[in-house]
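Trainee: One structure, as structure tokens, below. Some questions next.
There are 2 protein chains.
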Amino acid sequence: MKNIPRVTSEVFIISVLLALPGSHGGKILVFPVDGSHWVNMNLLLEGLHARNHSITVVRSNTSWYVKEKSPHYTSITIPMPEAIKIEDQNFFVSFLSRMLEIQREGASVLTFVSFYWEMLTALSEIHRQASQLVVEMFKNQQLMQSLRDSQFDLVLMDPGLPGGVLVAHQLQLPTVFNVRWITSGEGHFVVAPSPVSYVPTSGCAVPDKMTFYQRAKNMFHYILNICIDTFVVSPHYNRLCAQYFGPDISFYHLLQSSDIWLMRVDFVFEFPRPTMPNIVYIGGFQCKPAKALPSELEEFVQSSGEHGVIIMSLGTLVKGLPTDITSEIAAAFAQIPQKVIWRHLGERPQNLGNNTLLVEWMPQNDLLGHPKVKAFVAHGGTNGVYEAIYHGVPVVGLPLLFDQFENVLRLEVRGAAKVLDVTKLTRKSFLQALQDILHDSSYQRSMDHLSKLHRDKPLQPLDSAFFWIEFVMRHKGAAHLRTESYKMPWYAYHSLDVISFLIAAVLALMGTVIVMFNLMCRRVCRMRKLKQQ
Amino acid sequence: MKNIPRVTSEVFIISVLLALPGSHGGKILVFPVDGSHWVNMNLLLEGLHARNHSITVVRSNTSWYVKEKSPHYTSITIPMPEAIKIEDQNFFVSFLSRMLEIQREGASVLTFVSFYWEMLTALSEIHRQASQLVVEMFKNQQLMQSLRDSQFDLVLMDPGLPGGVLVAHQLQLPTVFNVRWITSGEGHFVVAPSPVSYVPTSGCAVPDKMTFYQRAKNMFHYILNICIDTFVVSPHYNRLCAQYFGPDISFYHLLQSSDIWLMRVDFVFEFPRPTMPNIVYIGGFQCKPAKALPSELEEFVQSSGEHGVIIMSLGTLVKGLPTDITSEIAAAFAQIPQKVIWRHLGERPQNLGNNTLLVEWMPQNDLLGHPKVKAFVAHGGTNGVYEAIYHGVPVVGLPLLFDQFENVLRLEVRGAAKVLDVTKLTRKSFLQALQDILHDSSYQRSMDHLSKLHRDKPLQPLDSAFFWIEFVMRHKGAAHLRTESYKMPWYAYHSLDVISFLIAAVLALMGTVIVMFNLMCRRVCRMRKLKQQ
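Read top to bottom, the protein sequences are chains A and B. By our numbering, the letter at position 257 of the first sequence is numbered 282, and the numbering carries on one by one without gaps. By our numbering, the letter at position 21 of the second sequence is numbered 46, and the numbering carries on one by one without gaps.
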């Protein structure tokens, strides 16, 4: 890299400047999503609190991660008539083991369809419950009046569970989304044109340069997502829209009219695709420099000598893989000279090597930032992938659920990861993947390149988020950045009426010309005949 | 506006920090466009020079604005076999007067078509000459070798005349565009999906919320622009591509593969529309705070007392309107209590009022930033409109040529301008427009709102331009922000093959089901018959 003047050091100063709290804060009403989404949202809220904003978080009484009390927000707890499914850890654990079972045993079409049906039922249930939270709020007139009296400046929400848009509409407040997934697809698909020929649909692990088969698969998933949205997700919220706002307001219009979309996306990680002026990219905003490790862990890491360390973690939701798989992993680890730190919550594999340390929790970001860490065995959750990119650590991907397949595929396409199918994993294939990542320097080079691109920004993603949230407060929205084209009927949006009209006009013109030409010909012929007679 | 913490003061510090020259500069090869486009480009080059970059500008020997010698760049002058049309001031002046004549006299369809044909011929001629400049460069092998030896980091160019992309491809250099218009349309249309149902086409003055008629008109202009691109502009460059690079490289691919598009667009002024990750918005980057006026002018301005001042300018290219129109304008000006400063190069109107000062040049930005200036009578060139927005001065629009009609329309739609058809202008209609702008406070309020939005940015547009130019230097391009979907065949891009395949598959499946059902029915019938017998 040539020595072109960098603004990075200046950017650091900018970050410090921007992080200074303002003198008068605004009031923000927050609708978060539980689980790993909350980790992100909470980080944003901490920062907003430090910038003197007063924050009120709406949570259900069954919430799992979102605590009632916090030093940086007050909360409104909505008592729910039943426990919320998505807030139940066991739901995901049993879901994963069912899925692995089906995949490993090569299930029949019938089993697969029945499993998929179950999944859709669960999705519908989750959204029914999320919409129920809105009903509970609307029923409580005292609560709604107190929200009105509070004069919030905006609603900040994760539209993964989108009930908050109805409350925002009721309170006539502008909205800012902290978003990656929305209802049942990727956020972009709702606001930006997304040609499925090169924009991978969520749930479909294909690259941006696709074969015919991949494009057909992508189209299939796109149609599937539209069907899921239309028949499984939206009805719950549309029912409420009709009930509370009348027939002119649809749930999708409320989503699409959000002022700013803080998208947890960065194009070193996602494929380039069309976007809109009110989409602000904050992918990797949670990344930060590594802190020192606890002394015991540091000692273990240092004991690896020149070989270095591999770390492995499969995320917050997953308690453990089936023992036969973990035993294969342990056997492969035992054969390498590196030390291994493995976050593992299930049964201890009997064939664990001396070089492998099992832990129940690890300071993942601090380890990834440690110079001795050479590779990251990961499930491919968004947060972990961004940390790996930020610190430049190549990845062995073992995707299990949801977007994890797409996440690690994108790293693989860019030469920074090796991906294995966990249901077919053997000690041999896993060892081979580890050795490839450790000894083929191209993986490290690719990851270093991604890391350099990711860190080279005019404004750090978190500062960008703060700026645009405060922009919406100052100007009571950001209407000038938002198209309202979604209000057009679909045939008008796609110009089908105009195209029909133009084709009709051309045909009419051609018809007239032909008729006139015919008439003229006939007259000429008749005149000739008359002359000849 | 509530007292939400602003980053504006911090942003000022950022600007100062970013403006600090780096220690080691890069080498930039520049292909500018003459005329008002050069004003913009030159400003960027001054800034880049101050940041320690070494700049080489390619110009023709007939260039009008782009001087051979400058303190902030060196130049390469290409001797041309003939004078370049676009670099001839008289070309535009005579073009404008022809156009006004036709419009005022309500020309016949034949006259209009012949004028349009002349315009297309001129456009083709301009691009033929611009491509000739590339030929002259390629023929000069010594020059090309010295360019190779110079090891430039990137080509910075205005793709209004796009010959530079061929040179960049020949030298294998990344490109950054400083762009608004490209070949014969708006830059966005070449890289970002642009549904014509809500994205106004260049050359078609319609808002983003269109009637059916406006949508049909917009579609017509879109098709027209594609035809112009295909038959008038591209052939000149495609011929060169075929000659120098072989059949696989087309001119459009070279355009579309540019790394960064610094787009002279801001969404307080343009309508929101889809964009791409490698488009960076720098609209209004040329705006700066007003400096003090020369003492004589300041005296004149102050003499206006509480009534204030109106300024009028119709841009750099236009020498003067027909005398009957200027006489109507002068008569209207004479009837108002405000003072008027009028940049006027033609014959002095005989009925000029005492309150009106004719000047051959005015410090437009400094006047617009003066608190006494109440309104701006303008043709609607991009630079002037951005200055008006920056300083918050409402506009009376008298569009004459090119994009000026669209520019002032956008201000009008936002309530910050009143637009008149110059060919139908009378002293009465002009006076009415002036009085509306001066006495209906909504125009000033709308302009103040646009001005506030425009100035409220996390990074000033000029700093943004510097950052991304240097980003491309540091990383030798910005491939991760750029889609290569344009390389797909059109039917694949629009998924027509996949849609056909899926429809065929569904039909085949339905066919099979029907056939099988038929067969089964027949068998059942036969068995019944057998049973009955």
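Cβ atoms here follow ideal geometry from the backbone N, Cα and C, with glycine treated the same way.
Comparing C-alpha positions only, which one of S510(B), L318(B), H152(B) sits nearest to P396(B)?
Mentor: Along the second sequence, read from residue 1 onward, the residue named residue 396(B) stands at position 371. The candidate whose alpha carbon is nearest that of P396(B) is L318(B).
Trainee: Residues of chain B with CB under 8 angstroms from D481(A), in chain order?
Mentor: As a first step, residue 481(A) is located in the first sequence; it is residue number 456 there, counting from the start. Here the neighbours are F496, R499, H500.
Trainee: Where does A403(B) fall in DSSP's three states?
Mentor: Along the second sequence, one-based indexing puts residue 403(B) at 378. A403(B): strand per DSSP, three-state reduction.
Trainee: Determine whether the Cβ of V538(A) lies closer than 8 angstroms to any Cβ atom of chain B.
Mentor: As a first step, residue 538(A) is located in the first sequence; it is residue number 513 there, counting from the start. So, not an interface residue.
Trainee: Determine the extent of the alpha helix (DSSP H) in which M244(B) is found, giving its start and end residues.
Mentor: As a first step, residue 244(B) must be located in the second sequence, where it is residue number 219. First-last of the alpha helix (DSSP H) with M244(B): 237-252.
Trainee: Could you give the distance in angstroms between the alpha-carbon of G51(B) and the alpha-carbon of L69(B)?
Mentor: If you number the second sequence from 1, residue 51(B) lands on position 26. If you number the second sequence from 1, residue 69(B) lands on position 44. Cα to Cα, G51(B) sits roughly 15 angstroms from L69(B).
Trainee: Who does F202(B) pair with in a DSSP beta bridge?
Mentor: Within the second sequence, numbered from 1, the residue matching residue 202(B) stands at position 177. According to DSSP, which records beta bridges pairwise, F202(B) is partnered with M182(B), W286(B).
Trainee: Reducing DSSP to helix, strand and coil, say where W367(B) ends up.
Mentor: Here residue 367(B) corresponds to residue number 342 of the second sequence, with the count starting at 1. Note: W367(B) maps to strand in three-state DSSP.
Trainee: At a cut of 8 angstroms, does the region 517-537 of chain B reach the region 238-245 of chain A through at least three beta carbon pairs?
Mentor: Short answer: they touch.
Trainee: Am I right that P184(A) and F202(A) are in contact with their C-beta atoms under 8 angstroms? What's the rounded C-beta distance?
Mentor: Counted from its first residue, the first sequence places residue 184(A) at position 159. Counted from its first residue, the first sequence places residue 202(A) at position 177. The Cβ separation is near 5 angstroms, so the contact holds.
Trainee: For S175(B), which residues in chain A fall below 8 angstroms Cβ to Cβ?
Mentor: For the purposes of this step, residue 175(B) is identified with residue 150 of the second sequence, where counting begins at 1. Result: empty, since nearest Cβ-Cβ is about 14 angstroms, beyond 8 angstroms.
Trainee: Does DSSP put F56(B) in a helix, in a strand, or in coil?
Mentor: The sequence position of residue 56(B) within the second sequence is 31, counting from 1. Strand at F56(B).
Trainee: Taking all protein chains shown into account, decide if S48(B) is buried (16 or more other Cβ within 10 angstroms of its Cβ) or exposed.
Mentor: Within the second sequence, numbered from 1, the residue matching residue 48(B) stands at position 23. Residue placement at S48(B) is flagged as unreliable, the pLDDT there being 38, under the threshold of 50; the coordinate-derived value follows with that caveat. Exposed is the call here.
Trainee: Please classify E295(B): does DSSP put it in a helix, a strand, or coil?
Mentor: Here residue 295(B) is taken as the residue at index 270 of the second sequence, counted from 1. The answer is coil: DSSP assigns E295(B) none of H, G, I, E or B.
Trainee: Give me the subset of the region 503-535 of chain B whose CB atoms are less than 8 angstroms from a CB atom of chain A, sorted by chain position.
Mentor: Correct list: H505, L506, R507, T508, E509, S510, M513, A517, Y518, H519, S520, D522, V523, I524, F526, L527.
Trainee: The region 217-235 of chain A: which residues have C-beta closer than 8 angstroms to a C-beta of chain B, in chain order?
Mentor: Listed by position, the residues of the region 217-235 of chain A near chain B (Cβ gap below 8 angstroms) are A217, P218, P220, V221, S222, Y223, D233, K234.
Trainee: State the CB to CB distance for the pair M387(B) and S338(B), rounded to an integer number of angstroms; the pair is presumed to be in contact (CB under 8 angstroms).
Mentor: In the second sequence, the residue the question calls residue 387(B) occupies position 362. In the second sequence, the residue the question calls residue 338(B) occupies position 313. Right, their Cβ atoms sit about 6 angstroms apart.
Trainee: Quick check on DSSP: helix, strand or coil for V305(A)?
Mentor: Looking up residue 305(A) in the first sequence gives position 280. Correct three-state label for V305(A): strand.
Trainee: If we count Cβ pairs, one from each stretch, closer than 8 angstroms, do we get three or more for the region 187-197 of chain A versus the region 221-238 of chain A?
Mentor: The region 187-197 of chain A is not in contact with the region 221-238 of chain A.
Trainee: Considering only DSSP beta bridges, list what L383(A) is partnered with.
Mentor: Looking up residue 383(A) in the first sequence gives position 358. Note: L383(A) sits in a beta bridge opposite W367(A).
Trainee: Chain B partners of T300(A), CB-CB under 8 angstroms?
Mentor: What you label residue 300(A) is simply residue 275 of the first sequence in a count that begins at 1. Correct list: P299, T300, M301, P302.
Trainee: If you draw a straight line from the alpha carbon of V326(A) to that of K501(B), how long is it in whole angstroms?
Mentor: Along the first sequence, one-based indexing puts residue 326(A) at 301. Along the second sequence, one-based indexing puts residue 501(B) at 476. Answer to the nearest angstrom: the Cα atoms are 36 angstroms apart.
Trainee: Using a Cβ-Cβ cut-off of 7 angstroms (strictly less than) and excluding sequence neighbours within five positions of P46(A), which residues of its own chain qualify?
Mentor: Position 21 of the first sequence, counted from the start, is the residue given in the question as residue 46(A). Residue confidence is low: P46(A) scores 39 on pLDDT, short of 50, so the model does not pin down where it sits. Its coordinate-derived value is still stated next. Cβ neighbours of P46(A) beyond the five flanking positions: A75, R76, N77.
Trainee: Taking CB distances under 8 angstroms as the criterion, tell me whether M244(B) reaches chain A.
Mentor: Sequence index remark: in the second sequence, residue 244(B) carries index 219 (1-based). Taking Cβ atoms only, chain A reaches closer than 8 angstroms to M244(B), which makes this a yes.
Trainee: Would you mind stating whether W367(A) and L346(A) have Cβ atoms separated by less than 8 angstroms?
Mentor: The residue you call residue 367(A) lines up with position 342 of the first sequence. The residue you call residue 346(A) lines up with position 321 of the first sequence. For W367(A) and L346(A), no; Cβs fall outside 8 angstroms.
Trainee: Which residue marks the beginning of the beta strand (DSSP E) containing T102(A), and which one marks its end?
Mentor: By 1-based counting over the first sequence, the position of residue 102(A) is 77. Unbroken beta strand (DSSP E) run through T102(A): 99-103.
Trainee: Measure from the C-beta of A241(B) to each C-beta in chain A and report whether the shortest distance is under 8 angstroms.
Mentor: Indexing the second sequence from 1 puts residue 241(B) at position 216. Yes, because at least one Cβ of chain A sits closer than 8 angstroms to the Cβ of A241(B).
Trainee: Using C-beta distances below 7 angstroms, list every residue in its chain close to C312(B), excluding the 5 sequence neighbours before and after it, in chain order.
Mentor: Working through the second sequence from its first residue, we reach residue 312(B) at position 287. The answer, listed in chain order, is Y411, E412, Y415.
Trainee: Applying the criterion that 16 or more other CB atoms from any shown protein chain within 10 Å of the CB defines a buried residue, is K164(B) buried or exposed?
Mentor: By one-based count along the second sequence, residue 164(B) stands at place 139. Classification of K164(B): exposed, given that the 10 Å Cβ count is below 16.
Trainee: Can you tell me whether G536(B) is helix, strand or coil according to DSSP?
Mentor: Locating residue 536(B) in the second sequence gives position 511, counting from the first residue. Here G536(B) sits in helix by DSSP.
Trainee: Would the region 352-367 of chain B count as touching the region 442-462 of chain B if we require 3 or more Cβ pairs under 8 angstroms?
Mentor: Because the criterion of three Cβ pairs below 8 angstroms is met, the region 352-367 of chain B and the region 442-462 of chain B touch.
Trainee: Answer yes or no: does any C-beta atom of chain B fall closer than 8 angstroms to that of F492(A)?
Mentor: Here residue 492(A) corresponds to residue number 467 of the first sequence, with the count starting at 1. Yes, F492(A) counts as interfacial toward chain B.
Trainee: Near P232(A), what residues of its chain come up, given a Cβ to Cβ distance below 6 angstroms and the 5 sequence neighbours on each side ignored?
Mentor: If you number the first sequence from 1, residue 232(A) lands on position 207. Excluding sequence neighbours, P232(A) sits near V438.
Trainee: Apply the 10 Å Cβ neighbour rule to D273(A) and answer buried if 16 or more other Cβ atoms are within range, or exposed otherwise.
Mentor: Locating residue 273(A) in the first sequence gives position 248, where the first residue counts as 1. It counts as exposed.
Trainee: In angstroms, rounded to a whole number, what distance separates the CA positions of K364(B) and H332(B)?
Mentor: Locating residue 364(B) in the second sequence gives position 339, counting from the first residue. Locating residue 332(B) in the second sequence gives position 307, counting from the first residue. Cα to Cα, K364(B) sits roughly 8 angstroms from H332(B).
Trainee: Using a Cβ-Cβ cutoff of less than 8 angstroms, which residues in the same chain neighbour L125(B) once the five nearest sequence positions on both sides are dropped?
Mentor: The sequence position of residue 125(B) within the second sequence is 100, counting from 1. Excluding positions up to five away in sequence, the list reads L346, P347, L425, V447, T448.
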